[in-house]
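For the sequence shown, position 182 matches number 178 in the working numbering, and the numbering has no gaps at all.
Just so you know, even glycine gets a beta-carbon here, dropped at the ideal spot from N, CA and C.
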Amino acid sequence: MHHCHNYTKADENRKQERRQAKRRLYVASVISFIFMIAEIIGGHIAGSLAVMTDAAHVLVDLMSFLISIFSLWLSSKPPSKRLTYGWQRAEILGAFLSVIFIWLVTAVLTYLSILRLLHPDYKIEGTVMLITSGCAVIANIIKQFSPELKIADPICTFVFSIFVLATTLPILRDLLHVLMEGMPRGLSYDEVKGRILIMDKVESVHSLHVWSLTMSQMVLSAHIVTVANADKQNTLNEITELLFDTYSFHTVTLQIESKADQKPDCIFCQDPRD
Ligand SMILES: [Zn+2]
Ligand SMILES: [Zn+2]
């Protein structure tokens, strides 16, 4: 029997993946929480911004774990008549907010370290710092040799801040791409269109849209023009099966049209720019 939602096995695998992911996320969250608290206390006692900045970096990880757990729970909620896709996009919005939050924390710490560079009258407790963070250790050693080089600590903060920016920028780019309904990563417009076009009885394809609800849940819709003598229902079934077999789509929506109904100069039926 043919059915439009041809992915029961994929759905079963996804549930299994979810259970395993949840367990791993719980463990990772607990570890990074303990680590972060230790760094905040250690960094505070030592008066080291570098250690505090590293704690902010651990916070980045912790936040992303917690958001993943929350979104796994949210996205398992069934769709409603008001939210017909369910809560899937909450994952993207949550990740977006966490990146903004991390940038705010990093900006505050960078600002504080600039203040320290301008007014270098703070003091750093060497031993606590030694225990707490690797980069701060180097800063401490430098300080032992020449006490004027206390700037090593603010410099560490800058290095960490750049690291945080470098790791979150690609994430933000991917999130914005999903929010802009962009072509999912790893898929190409021409390739998907080409696959449909080589099918038997297919004359042309237009209004092809591929986007994603979350990073992994892709959606496709397209208008397909068949040749005059085509069995339209059969062609529809074949293309649906092909798309589900080749890619892992969340939903595929196809509209079959006759060649006679096409308007050659219609601007909505043209291919988008490269
Ligand atoms: Zn169905
Ligand atoms: Zn059309």
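Margin query: Taking its Cβ as the centre, do 16 or more other Cβ atoms sit within 10 Å of residue 61, making it buried, or is it exposed?
Written below: buried
Margin query: Check for me: the beta strand (DSSP E) holding residue 252 runs from which residue to which?
Written below: 245 to 254
Check: Who does residue 218 pair with in a DSSP beta bridge?
Finding: 250
Item checked: Cβ-Cβ distance between residue 88 and residue 164 below 8 Å -> no
Note to self: Buried or exposed for residue 97, going by 16 or more other Cβ atoms inside 10 Å?
What the structure shows: exposed
Notebook entry, point to check: Tell me which same chain residues have a C-beta within less than 7 Å of the C-beta of residue 108, skipping the five on either side of it?
Noted result: 45
Next item on the list: Measure from the C-beta of residue 173 to each C-beta in chain C and report whether the shortest distance is under 8 Å.
Entry: Looking for chain C here will not work: only one protein chain is present.
Checklist line | Own chain partners of residue 15 with C-beta closer than 6 Å, once the 5 adjacent residues on each side are dropped | finding: none
Check: Is the beta carbon of residue 63 sitting closer than 8 Å to the one on residue 94?
Finding: yes
Checklist line | Any non-hydrogen atom of ligand 2 closer than 7 Å to residue 187 Cβ | finding: no
Check: Does any heavy atom of ligand 2 sit closer than 7 Å to the C-beta of residue 202?
Finding: yes
Next item on the list: Return the CA-CA distance between residue 30 and residue 110, expressed in angstroms with no decimal places.
Entry: 29 Å
Next item on the list: For residue 123, I'd like the list of residues in its chain whose CB is within less than 6 Å of its CB, leaving aside the five on either flank, ordered along the chain.
Entry: Its pLDDT being 47, under 50, residue 123 is placed unreliably in this model, and the coordinates cannot settle the point.
Checklist line | Reference residue 248; option with closest CA among 262, 188, 101 | finding: 188
Next item on the list: Measure from the alpha carbon of residue 267 to the alpha carbon of each residue in 155, 185, 215, 79, then state which is nearest.
Entry: 185
Note to self: Taking 7 Å as the cut-off, is the C-beta of residue 265 nearer than that to any heavy atom in ligand 2?
What the structure shows: yes
Item checked: N- and C-terminal bounds of the beta strand (DSSP E) containing residue 204 -> 198 to 208
Notebook entry, point to check: Looking only at its own chain, which residues have a Cβ that is under 7 Å from the Cβ of residue 39, when we skip the five neighbours before and after it?
Noted result: 47, 48, 51, 128
Notebook entry, point to check: residue 82 and residue 67: beta carbons closer than 8 Å?
Noted result: no
Check: Is the Cβ-Cβ distance between residue 174 and residue 208 less than 8 Å?
Finding: yes
Check: Which residues bound the alpha helix (DSSP H) around residue 90?
Finding: 86 to 114
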